[in-house]
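Asker: Numbering (our numbering), first residue to last: 3 to 364.
If you want it as structure tokens, here you go:
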């Protein structure tokens, strides 16, 4: 049966073209799929760079002009990472804003459905069609309005480790664009991010949730799983229930701490990923793949764990012509103001309008 979001899109008049490839069971940030093939990032098809994951095919389809928009699931960055690597606008809505009914789960406590598009307006249109009726004006109507006076802060911690110089320069340079729009740009220290690093070093709650869902198939058909994905799922096998529940309790405390710390801030600004799209062949060994996968997810997963909303949007290009993604992070249920800020940035720049040379893409 179709997912609830599909029924709602059909009811709104959408034409669904089909399904795209993704990381197996949506468990990975690189976009690699060993069974069905890794979609080719259209910004450098000859080199075959990573499309980002897990919603790799969704990002490639929109970037290549095969569809005006696509959907992905975002448990730790699976909409925003492809958006970053493919030069798109990708929204991770607040958990629960869009129904997950009928969608294959990875971690039901974190999974969010989100759109990958070229513009904030398209993201708003899709969200509006898929969400439960929203109080007040529609998301699309609320895109129009002032952004002057909003407070946008660069976190000092966590998000800048191992960031490529070109990526950091592009993200920090965007501050002047926001300032010209009347946005107050500042820096902020968030001690909760250090606590989050410690939390992430503990047992993986997502591995537990994934193992609970897949355990019978793992026992019967382990050889049919992507070995990289099965290894991550099997991490959940030996985690004690007491440790799992303790992790959930601490996560709730971190969320309260983060929301309190952000009371006087409208949005955070960070790189979406620490680097532009890496080359596929350079991560073909486990000892390379797993660290790169972790770095792909690091900046985005913080949003899911702290129960915030966020969007990735293009803010520049590397010397090799690869898109650079900027992440704006907002409060829960603040998608309207978040997308309004993205739209204002789009109107002041042309990054979201630039497309790859499709003559080289096949």
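C-beta atoms are modelled at their ideal positions from N, C-alpha and C, and glycine is treated no differently.
List in chain order: all unbroken beta strand (DSSP E) runs of 3+ residues lying wholly within the region 130-195.
Answerer: 153-157 and 186-190
Asker: Measuring CB to CB, does residue 281 end up less than 8 Å from residue 168?
Answerer: Taking the first residue of the chain shown as 1, we reach residue 281 at position 279. Taking the first residue of the chain shown as 1, we reach residue 168 at position 166. Not closer than 8 Å, so no.
Asker: Apply the 10 Å Cβ neighbour rule to residue 329 and answer buried if 16 or more other Cβ atoms are within range, or exposed otherwise.
Answerer: Position 327 of the chain shown, counting from 1, holds the residue named residue 329. By the neighbour-count rule (16 or more Cβ atoms within 10 Å), residue 329 is buried.
Asker: If you follow the alpha helix (DSSP H) that residue 58 is in, where does it begin and where does it stop?
Answerer: Residue 58 sits at position 56 when you count from the first residue of the chain shown. Segment 58-65, the alpha helix (DSSP H) holding residue 58.
Asker: Between residue 120 and residue 64, which are expected to be in contact by the criterion C-beta below 8 Å, what is the C-beta distance as a whole number of angstroms?
Answerer: The count along the chain shown starts at 1 and reaches residue 120 at position 118. The count along the chain shown starts at 1 and reaches residue 64 at position 62. That belief holds up - the Cβ atoms of residue 120 and residue 64 are roughly 7 Å apart, short of 8 Å.
Asker: Assuming residue 31 and residue 79 form a contact by the criterion Cβ under 8 Å, report the distance between their Cβ atoms to the nearest whole angstrom.
Answerer: Residue 31 sits at position 29 when you count from the first residue of the chain shown. Residue 79 sits at position 77 when you count from the first residue of the chain shown. Yes, they are in contact, since the Cβ atoms of residue 31 and residue 79 sit about 6 Å apart, within 8 Å.
Asker: Starting from residue 72, follow the beta strand (DSSP E) in both directions and report where the run begins and ends.
Answerer: Here residue 72 is taken as the residue at index 70 of the chain shown, counted from 1. Start and end: 72-76.
Asker: From 355, 27, 45 and 48, pick the residue whose C-alpha is nearest to that of residue 38; which is it?
Answerer: To locate residue 38, count along the chain shown from 1; it is residue 36. The shortest Cα separation from residue 38 among 355, 27, 45 and 48 belongs to 27.
Asker: Could you tell me the distance, in whole angstroms, from the CA atom of residue 165 to the CA atom of residue 248?
Answerer: Taking the chain shown and counting its residues from 1, one reaches residue 165 at position 163. Taking the chain shown and counting its residues from 1, one reaches residue 248 at position 246. Approximately 32 Å, taken between the alpha carbons.
Asker: Would you grab the beta carbon distance between residue 152 and residue 343 for me? Rounded to a whole angstrom, and I think it's under 8 Å.
Answerer: Here residue 152 corresponds to residue number 150 of the chain shown, with the count starting at 1. Here residue 343 corresponds to residue number 341 of the chain shown, with the count starting at 1. Distance from residue 152 to residue 343 at the Cβ level is roughly 7 Å; contact confirmed, criterion being Cβ atoms closer than 8 Å.
Asker: Considering only the beta carbon of each residue, do residue 53 and residue 87 sit closer than 8 Å?
Answerer: For the purposes of this step, residue 53 is taken as the residue at position 51 of the chain shown. For the purposes of this step, residue 87 is taken as the residue at position 85 of the chain shown. Cβ atoms of residue 53 and residue 87: closer than 8 Å.
Asker: Less than 8 Å between the CB atoms is what I'm expecting for residue 206 and residue 245, so what's the real figure, rounded?
Answerer: To locate residue 206, count along the chain shown from 1; it is residue 204. To locate residue 245, count along the chain shown from 1; it is residue 243. Actually they are not in contact, since the Cβ atoms of residue 206 and residue 245 sit about 10 Å apart, beyond 8 Å.
Asker: Let's see if you can read the secondary structure: which residues bound the beta strand (DSSP E) around residue 232?
Answerer: Here the question's residue 232 lines up with position 230 in the chain shown. Taken as a continuous stretch (DSSP letters only), residue 232 belongs to no beta strand (DSSP E), being part of the alpha helix (DSSP H) at 229-236.
Asker: Decide if the region 144-160 is in contact with the region 107-115; the criterion is three or more beta carbon pairs, one per stretch, under 8 Å apart.
Answerer: With the cut-off at 8 Å, the region 144-160 and the region 107-115 do not touch.
Asker: With a CB to CB cut of under 7 Å and the five nearest residues on each side skipped, what residues in its chain are close to residue 122?
Answerer: Residue numbering aside, residue 122 sits at position 120 when the chain shown is read from its first letter. These residues qualify, in order along the chain: 91, 145, 341, 344, 345 and 348.
Asker: Should residue 306 be labelled buried (16 or more other beta-carbon atoms within 10 Å of its own) or exposed?
Answerer: In the chain shown, residue 306 corresponds to position 304, counting from 1. Under this definition residue 306 is a buried residue.
Asker: Report all residues from its chain with a CB closer than 6 Å to the CB of residue 56; omit the five preceding and five following residues, and keep chain order.
Answerer: Here residue 56 corresponds to residue number 54 of the chain shown, with the count starting at 1. Once the five neighbours on either side are set aside, the close Cβ partners of residue 56 are 24, 25, 28, 30 and 80.
Asker: Within its chain, find whatever has a CB closer than 7 Å to the CB of residue 95; leave out the 5 residues flanking it on each side and keep chain order.
Answerer: If you number the chain shown from 1, residue 95 lands on position 93. Same-chain partners within the cutoff: 114, 116, 129, 311 and 337.
Asker: Can you tell me whether DSSP reads residue 15 as helix, strand or coil?
Answerer: The count along the chain shown starts at 1 and reaches residue 15 at position 13. Here residue 15 sits in coil by DSSP.
Asker: For residue 84 and residue 67, which I take to be in contact (beta-carbon distance under 8 Å), what is that distance rounded to the nearest angstrom?
Answerer: The residue given as residue 84 occupies position 82 in the chain shown. The residue given as residue 67 occupies position 65 in the chain shown. Going by Cβ atoms, the distance from residue 84 to residue 67 rounds to 15 Å, so no, they are not a contact pair.
Asker: With DSSP collapsed to three states, give me the class of residue 343.
Answerer: Position 341 of the chain shown, counted from the first residue, corresponds to residue 343. Residue 343 falls in the helix class under three-state DSSP.
Asker: According to DSSP, is residue 94 part of a helix, a strand, or is it coil?
Answerer: For the purposes of this step, residue 94 is identified with residue 92 of the chain shown, where counting begins at 1. Of the three classes helix, strand and coil, the one that applies to residue 94 here is strand, per DSSP.
Asker: Taking the beta carbon of residue 103 as the centre, do at least 16 other beta carbons fall within 10 Å, making it buried, or is it exposed?
Answerer: On the chain shown, position 101 is the one that residue 103 refers to. Residue 103 should be labelled exposed.
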